[in-house]
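Before any comments, here is the structure.
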Amino acid sequence: MKKIKVLSIIMPVYNEKSRIEKAIKEVKRVKLFSMKKQIIIIDDCSTDGTRDILRKIQKRDKSIIVVFKEKNQGKGSAVREGIKYATGDFIIIQDADLEYTPEDYSIMLMPVLKGYADVVYGSRFLGPHRSFLFWNYMANKFLNFFTNFIYNTTLTDMETCFKLFKSEIIKNIKLRSNGFEIEPEITSKVLKKNVRIYEVPIQYFGRGYEEGKKIKAIDGIKAFWTLLWYRFFD
389 MKKIKVLSII MPVYNEKSRI EKAIKEVKRV KLFSMKKQII IIDDCSTDGT RDILRKIQKR
449 DKSIIVVFKE KNQGKGSAVR EGIKYATGDF IIIQDADLEY TPEDYSIMLM PVLKGYADVV
509 YGSRFLGPHR SFLFWNYMAN KFLNFFTNFI YNTTLTDMET CFKLFKSEII KNIKLRSNGF
569 EIEPEITSKV LKKNVRIYEV PIQYFGRGYE EGKKIKAIDG IKAFWTLLWY RFFD
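With my numbering applied, the sequence shown covers 389 to 622.
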C-alpha cells in the first residue's frame with residue numbers, strides 16, 4: 389500500500405487573538421492533493437488572550453498539537469520548538485497573522501513532489517502582493533542582494549517567512565536563533581548545504597504596524613550580521 393504523505397504545518401503565535409481562529413480554520417480548510425496535515429501551534433507566551441482561545445481549540449480538536457511556552461523568546465525559538473514535534477514528510481512555516489495564505493500550500497509543494505527541489509521559498513516579489521512599507525521593502529531588497537552576493541545565488545526573497553522543506557533537510561540543520569533572524573539563519577545554512585532550492589510566486593497580504601506587524605528596523609541589522617556570521621565565521 390502506498391504511504392500517504394504528511395505536511396507538518398508549524399504556526400508560531402504571539403498575541404494574535406483577533407486572527408488565530410481564522411488562521412487555524414484556513415489551514416484546516418485547504419486541500420492538499422491526497423496528503424494529510426499535521427498542525428503544530430507554538431504559543432510564544434502570548435499575553436493578549438490568545439492562550440485562552442488556543443486552550444479552547446485544543447480541547448475540542450485533539451488533532452491539533454498546541455505547545456504553550458512559559459517565556460517569550462521570539463519567533464525563532466517557536467520555530468525550533470515546532471520542528472521537534474513535526475513528524476511529516478514535509479514541513480512548512482505558517483505565520484498566524486495570515487500575511488501568507490494557506491491557499492498557496494499546493495504551489496509550494498509542487499516542486500518537491502515533482503522531484504525538482506528539496507526546499508521551496510515562496511517569493512513575495514514574484515507573486516501578487518499588497519503594497520509594501522517603503523523602508524521594509526528597501527531593507528528586504530538590500531538583504532536579498534547581500535545574500536546573493538556573498539552566497540553566489542539568485543534568490544528574489546530570502547527573508548520570506550513561507551519556506552517549505554523536506555523534513556530530513558531542516559531536521560538535520562542545527563538552528564540557534566530565537567528572534568526574526570531565524571529567517572537569514574535558515575537561508576544561510578540551507579545555501580551552505582548545497583541542496584536544491586526552488587522559488588515560486590505566492591500571494592502576500594502584508595500588514596502595517598497599526599495592524600500588529602512586529603518586525604522592526606533592529607531586526608534588519610540583526611539579519612545582516614546573521615548572514616555575515618554564518619557565511620564567514622560559523
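Even glycine gets a Cβ: it sits at the ideal position worked out from N, Cα and C.
In the three-state reduction of the DSSP assignment, residue 476 falls in the coil class, being assigned neither a helical nor a strand state.
Contact between the region 493-505 and the region 573-588 is present: three or more C-beta pairs spanning the two stretches fall below 8 Å. Residue 526 and residue 537 have their C-alpha atoms some 16 Å from each other.
A Cβ-Cβ distance of about 6 Å is found for the pair residue 458 and residue 433, placing them in contact under the 8 Å criterion. Linking residue 539 to residue 579 through their CA atoms gives a straight-line distance of about 7 Å.
Using a Cβ distance threshold of 8 Å, residue 568 and residue 607 count as a contacting pair.
Under the three-pair Cβ rule at 8 Å, the region 559-577 does not count as touching the region 484-497. Residue 470 holds the alpha-carbon nearest to the alpha-carbon of residue 397 among 441, 470, 511, 446. Counted as a single uninterrupted DSSP element, the stretch harbouring residue 583 is not any alpha helix (DSSP H), since DSSP gives it neither H nor E. Per DSSP, the unbroken beta strand (DSSP E) holding residue 426 starts and ends at 424-431. Leaving aside the five residues that flank residue 414 on each side, the residues in its chain whose CB is nearer than 6 Å to its CB run, in chain order, 490. Bounds of any beta strand (DSSP E) do not take in residue 495; it lies within the alpha helix (DSSP H) bounded by 493-501. Between the alpha carbons of residue 492 and residue 541 lies a distance of about 24 Å.
In the three-state reduction of the DSSP assignment, residue 396 falls in the strand class, which pools E and B. Between the C-alpha atoms of residue 501 and residue 436 there is a straight-line separation of about 39 Å. In the three-state reduction of the DSSP assignment, residue 567 falls in the coil class, being assigned neither a helical nor a strand state.
When only Cα atoms are considered, residue 534 and residue 618 end up about 13 Å apart.
For residue 576, the three-state secondary structure derived from DSSP is helix.
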